[in-house]
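Enquirer: Before anything else, here's the structure in question.
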Amino acid sequence: MKRWAWLLFAVPAVLGSIVFVLVLVVALVVGRDGDPPDTADLVVEQVQIADADNAYTHFLAATAVLDWPKDLDGQSLLESIL
Numbered sequence: 000m001k002r003w004a005w006l007l008f009a010v011p012a013v014l015g016s017i018v019f020v021l022v023l024v025v026a027l028v029v030g031r032d033g034d035p036p037d038t039a040d041l042v043v044e045q046v047q048i049a050d051a052d053n054a055y056t057h058f059l060a061a062t063a064v065l066d067w068p069k070d071l072d073g074q075s076l077l078e079s080i081l
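Right, here's the structure in full:
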């Protein structure tokens, strides 16, 4: 009787484990992603621009000669400019 009781537990456990492993393998095989897209044309290339054509150098020169008010007399910088 004990042998039948053990088989009643062991057979469903083994079959359930096999089914679980098969479902897991199928999910892993079917659920794989495809190849990644080709993004070679999206790579950012650094372009060298001459200083004469680059506005950043003009902005630096303009801020260097800008005369900001030194004595604010308790006002904010914006109030003293306006």
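Residue 56 in numbering that gives the first Met the number 0 sits at position 57 of the sequence shown, and the numbers go up by one each step.
The C-beta atom is built at its ideal place from N, Cα and C for all residues, glycine as well.
This structure is a prediction, so every number in the text was calculated from the model and none was measured.
Just to confirm the assignment, what range does the alpha helix (DSSP H) spanning Glu44 have?
Expert: First-last for Glu44: undefined, no H or E at that position.
Enquirer: Out of Trp67, Val46 and Gly73, which one is the CA nearest neighbour of Ile80?
Expert: Per the Cα distances, Trp67.
Enquirer: In the DSSP assignment, find the alpha helix (DSSP H) that holds Ser75 and state where it starts and stops.
Expert: Note, Ser75: premise wrong, no alpha helix (DSSP H); not H, not E.
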